[in-house]
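Listed in order, the protein sequences are those of chains G and A. For the first sequence, numbering that gives the first Met the number 0 assigns the number 0 to the initial residue and increments by one for each residue that follows. For the second sequence, numbering that gives the first Met the number 0 assigns the number 0 to the initial residue and increments by one for each residue that follows. Glycine included, every Cβ here is placed at the ideal spot set by N, Cα and C.
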Amino acid sequence: MLVVGLIAYPFYRAVSLSFTDKLVGYPERWVGLRNYIYLVNDDTFRTVVRNSLVFTVASVALKILTGIAMALVLNATWRWRNFFRGLLLLPWITSTVIIALTWRWMFDAFPGRGFFNSVLLDAGLLSRPIAFMATPEGAMAAVVIANWWRGFPFFGVSYLAGMQSIPGELYEAASVDGASAWRRFWHITLPGLKHVIIVTTLLTFIFTINDFNIVYVMTRGGPGTATQVFATYSYEVAFNALRWGRGVTISIFVVPLLIALIPLVSRYLLRERTA
Amino acid sequence: MKAWKVATIVGLAGFSLLVLVPFWWIASMSFKTYEQIQFAQSIYVPRPFTWENYTGLWLDTRFPLWLRNSAITAVVVTAITTVIACLSGYAVARLRFPGRESVASLILILYLVPPALLFIPLYRVLAELGATNSLWSLFLSYPTFTVPFCTWLLIGFFKALPTELEEAALVDGANRTQALVRVLLPLAAPGIVASAIFAFTLSWNEFLYALIFIQDEKSITVPVGLNLLIYGDVFHWGQLMAASVITTVPVVALYMFIHRWMVEGLAAGSVKG
Numbered sequence: 000m001l002v003v004g005l006i007a008y009p010f011y012r013a014v015s016l017s018f019t020d021k022l023v024g025y026p027e028r029w030v031g032l033r034n035y036i037y038l039v040n041d042d043t044f045r046t047v048v049r050n051s052l053v054f055t056v057a058s059v060a061l062k063i064l065t066g067i068a069m070a071l072v073l074n075a076t077w078r079w080r081n082f083f084r085g086l087l088l089l090p091w092i093t094s095t096v097i098i099a100l101t102w103r104w105m106f107d108a109f110p111g112r113g114f115f116n117s118v119l120l121d122a123g124l125l126s127r128p129i130a131f132m133a134t135p136e137g138a139m140a141a142v143v144i145a146n147w148w149r150g151f152p153f154f155g156v157s158y159l160a161g162m163q164s165i166p167g168e169l170y171e172a173a174s175v176d177g178a179s180a181w182r183r184f185w186h187i188t189l190p191g192l193k194h195v196i197i198v199t200t201l202l203t204f205i206f207t208i209n210d211f212n213i214v215y216v217m218t219r220g221g222p223g224t225a226t227q228v229f230a231t232y233s234y235e236v237a238f239n240a241l242r243w244g245r246g247v248t249i250s251i252f253v254v255p256l257l258i259a260l261i262p263l264v265s266r267y268l269l270r271e272r273t274a
Numbered sequence: 000m001k002a003w004k005v006a007t008i009v010g011l012a013g014f015s016l017l018v019l020v021p022f023w024w025i026a027s028m029s030f031k032t033y034e035q036i037q038f039a040q041s042i043y044v045p046r047p048f049t050w051e052n053y054t055g056l057w058l059d060t061r062f063p064l065w066l067r068n069s070a071i072t073a074v075v076v077t078a079i080t081t082v083i084a085c086l087s088g089y090a091v092a093r094l095r096f097p098g099r100e101s102v103a104s105l106i107l108i109l110y111l112v113p114p115a116l117l118f119i120p121l122y123r124v125l126a127e128l129g130a131t132n133s134l135w136s137l138f139l140s141y142p143t144f145t146v147p148f149c150t151w152l153l154i155g156f157f158k159a160l161p162t163e164l165e166e167a168a169l170v171d172g173a174n175r176t177q178a179l180v181r182v183l184l185p186l187a188a189p190g191i192v193a194s195a196i197f198a199f200t201l202s203w204n205e206f207l208y209a210l211i212f213i214q215d216e217k218s219i220t221v222p223v224g225l226n227l228l229i230y231g232d233v234f235h236w237g238q239l240m241a242a243s244v245i246t247t248v249p250v251v252a253l254y255m256f257i258h259r260w261m262v263e264g265l266a267a268g269s270v271k272g
């Protein structure tokens with residue numbers, strides 16, 4: 000109950016703070032919906048919304064596709080499967096900050112520090128280094144790749160568990176009926192994975208749309224506001240511009256989405272518990 | 000079938016490379032000299048091989064202190080979490096009380112509330128309690144995500160255990176506490192260890208709260224310290240890499256030790272397919 004208190008009370012404070020113009024060092028004043036109206040009309044905030052969606056949708060889509068490929072490969076592995084499953088899970092247990100740092104160096108513009116520049120220059124494929132993260136598109140691609148790399152192993156392992164729970168007789172029957180490998184995948188494997196795909200997608204969507212670590216460590220939201228997302232912008236406004244009321248309001252814009260998604264995930268997860 | 004085998008081997012090799020190359024890049028940079036990194040010499044292997052980044056990190060920076068802070072935080076939070084999660088997991092899984100099901104969904108919902116939503120108000124609450132700028136702020140705030148997650152895992156573990164043993168103990172005159180401590184906890188040990196490791200890893204890796212709640216450079220944890228190293232001192236790339244390696248090794252070691260439990264714990268606890 001203490002824990003409930005530690006979440007519920009701050010949440011209540013967040014909502015009440017969002018209706019004030021709290022600046023650090025000044026008493027808060029009630030301003031009604033002014034923070035909300037300001038943000039809706041703010042160009043930067045619109046960019047933030049778009050960035051968050053691009054970041055989340057691209058990462059999640061890549062994770063699903065790679066996760067399915069990884070699960071298929073592991074499922075077809077006949078020896079050392081546990082070893083490879085453990086190996087491939089490594090990114091998922093590594094600290095996000097370290098992953099963000101790692102990918103920052105992978106894409107670094109200086110050869111010697113940046114992996115891609117070092118290798119491409121060494122192989123003679125480039126004549127001069129590329130500053131991958133200096134363009135808005137490049138920076139967004141870099142944070143998406145880092146987030147994808149961190150998350151796809153979890154998808155792969157979850158899908159593998161799902162594939163292993165599909166009864167083998169279904170495949171045998173399909174083979175007898177002459178179904179091709181592709182048709183077996185499309186009509187047996189994918190429907191069998193539907194549940195786990197929905198759960199992992201929703202869970203990851205919730206956590207990715209609120210991601211802070213990867214973007215903050217890799218780009219600080221830059222160049223300009225090209226990779227600024229909800230959490231980093233909220234941090235920026237609250238702790239650099241010291242406008243707490245507005246900072247909190249930014250994160251509250253995500254709440255309706257959470258209110259829609261969280262009960263959905265809970266229902267799925269609770270259903271399998273009781274089943 | 001030959002083609003499938005080849006495809007599987009290619010796939011395994013591809014995924015292994017994809018996972019290992021970034022780790023290898025960081026590890027190899029941590030053993031390179033400053034000149035090697037700066038002038039892109041011998042990019043694939045550290046030659047000459049040096050420990051100077053590790054010794055420099057240890058002697059010239061506050062990294063040892065940060066490591067200690069991270070370790071203390073992770074241990075304290077894991078202890079708090081394990082006790083609370085065992086009791087509440089047991090209560091939801093075994094005791095009959097009104098609203099039991101809604102408590103289970105509440106725990107799940109709490110786990111899904113993202114920290115990014117709570118950091119500003121939580122900061123104010125902790126500031127009012129006088130807990131900011133010390134590890135106390137982390138002892139108080141980390142359980143807000145570790146406890147719901149671990150409780151959720153443990154409910155699954157406790158539910159999967161047969162009730163007969165406990166009932167037998169109760170019939171033999173044991174009380175609830177004895178039945179829990181002597182019978183159920185030993186049986187649930189694998190689940191409890193897995194949940195403790197999750198709590199440890201989550202606290203060890205946490206960044207956002209640690210960044211916001213603590214400004215004093217002597218009280219920060221490793222992830223925040225690493226960020227100071229990047230933006231503070233631009234010349235010590237190798238030290239930063241060495242710090243990343245040192246931070247990753249304990250978690251990887253723990254994980255190799257119990258990897259199977261972790262995967263099974265996940266399967267049983269959170270996202271069974």
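Cutoff 7 Å: residue i Cβ touching any chain G Cβ
i               : result
V250 of chain A : yes
G268 of chain A : For G268 of chain A, the predicted model reports a pLDDT of 45, less than 50, meaning its position is unreliable and no value from the coordinates is stated.
V18 of chain A  : yes
Residue i (DSSP reduced to helix, strand or coil)
i               : result
R242 of chain G : strand
G113 of chain G : strand
W57 of chain A  : helix
W29 of chain G  : strand
F96 of chain A  : coil
D121 of chain G : helix
K1 of chain A   : helix
A167 of chain A : helix
R149 of chain G : helix
V253 of chain G : coil
W79 of chain G  : coil
R219 of chain G : coil
N40 of chain G  : coil
I165 of chain G : coil
I129 of chain G : coil
S194 of chain A : helix
N209 of chain G : coil
V228 of chain G : coil
L88 of chain G  : coil
Cα-Cα separation between residue i and residue j, rounded to whole angstroms
i               : j               : result
S269 of chain A : N204 of chain A : Reliability fails at S269 of chain A, whose pLDDT of 44 lies under 50, so the model's placement of it is uncertain and no value is given.
F275 of chain A : A187 of chain A : Outside the shown range of chain A (0 to 272) lies residue 275 of chain A, about which nothing can therefore be said.
V146 of chain A : L227 of chain A : 29 Å
P166 of chain G : G191 of chain G : 9 Å
L71 of chain G  : T46 of chain G  : 37 Å
V253 of chain G : S101 of chain A : 24 Å
A73 of chain A  : L239 of chain A : 22 Å
R175 of chain A : R181 of chain A : 10 Å
F14 of chain A  : P90 of chain G  : 12 Å
V59 of chain G  : H235 of chain A : 35 Å
L256 of chain G : A39 of chain A  : 47 Å
T101 of chain G : S179 of chain G : 42 Å
A90 of chain A  : V251 of chain A : 33 Å
E216 of chain A : R149 of chain G : 28 Å
P120 of chain A : A13 of chain G  : 5 Å
Cutoff 7 Å: residue i Cβ touching any chain A Cβ
i               : result
G150 of chain G : no
N40 of chain G  : no
D121 of chain G : yes
I261 of chain G : yes
I213 of chain G : no
M69 of chain G  : yes
M105 of chain G : yes
G111 of chain G : yes
A237 of chain G : yes
G246 of chain G : yes
F114 of chain G : yes
F44 of chain G  : no
N209 of chain G : yes
I205 of chain G : yes
T218 of chain G : no
> So does the stretch 119–133 of chain A actually touch the stretch 256–265 of chain G, counting three or more Cβ pairs closer than 8 Å?
Replying inline: Flag = no, the stretch 119–133 of chain A and the stretch 256–265 of chain G do not touch.
>> For a minimum of 4 consecutive residues, which ranges assigned as the alpha helix (DSSP H) are wholly contained in the stretch 23–79 of chain A?
In response: With a minimum length of 4 residues, the continuous alpha helix (DSSP H) runs that stay inside the stretch 23–79 of chain A are 33–37, 51–59.
> Is the stretch 106–114 of chain G touching the stretch 151–161 of chain G, taking contact as three or more C-beta pairs under 8 Å?
Replying inline: Judged by Cβ distances under 8 Å, the stretch 106–114 of chain G makes no contact with the stretch 151–161 of chain G, as fewer than three pairs qualify.
>> So within the stretch 102–178 of chain A, which uninterrupted alpha helix (DSSP H) runs reach at least 4 residues, ignoring any that extend past its ends?
In response: Secondary structure remark: continuous alpha helix (DSSP H) runs of at least 4 residues inside the stretch 102–178 of chain A, in chain order: 114–128, 135–140, 142–159, 163–170.
>> Counting beta carbon pairs with one atom in the stretch 138–153 of chain G and one in the stretch 64–74 of chain A, are three or more of them shorter than 8 Å?
In response: These segments do not touch.
> Are the stretch 45–53 of chain A and the stretch 109–124 of chain A in contact at 8 Å, needing three or more beta carbon pairs?
Replying inline: By the Cβ test, the stretch 45–53 of chain A is not in contact with the stretch 109–124 of chain A, since fewer than three Cβ pairs between them sit closer than 8 Å.
>> Assess contact between the stretch 197–212 of chain A and the stretch 75–90 of chain A, defined as three or more Cβ pairs (one per stretch) separated by less than 8 Å. Is contact present?
In response: In short, these stretches touch, since the Cβ pair count reaches three.
> Quick check: the stretch 51–67 of chain G against the stretch 225–241 of chain G, are there 3 or more CB pairs under 8 Å?
Replying inline: A contact exists between the stretch 51–67 of chain G and the stretch 225–241 of chain G.
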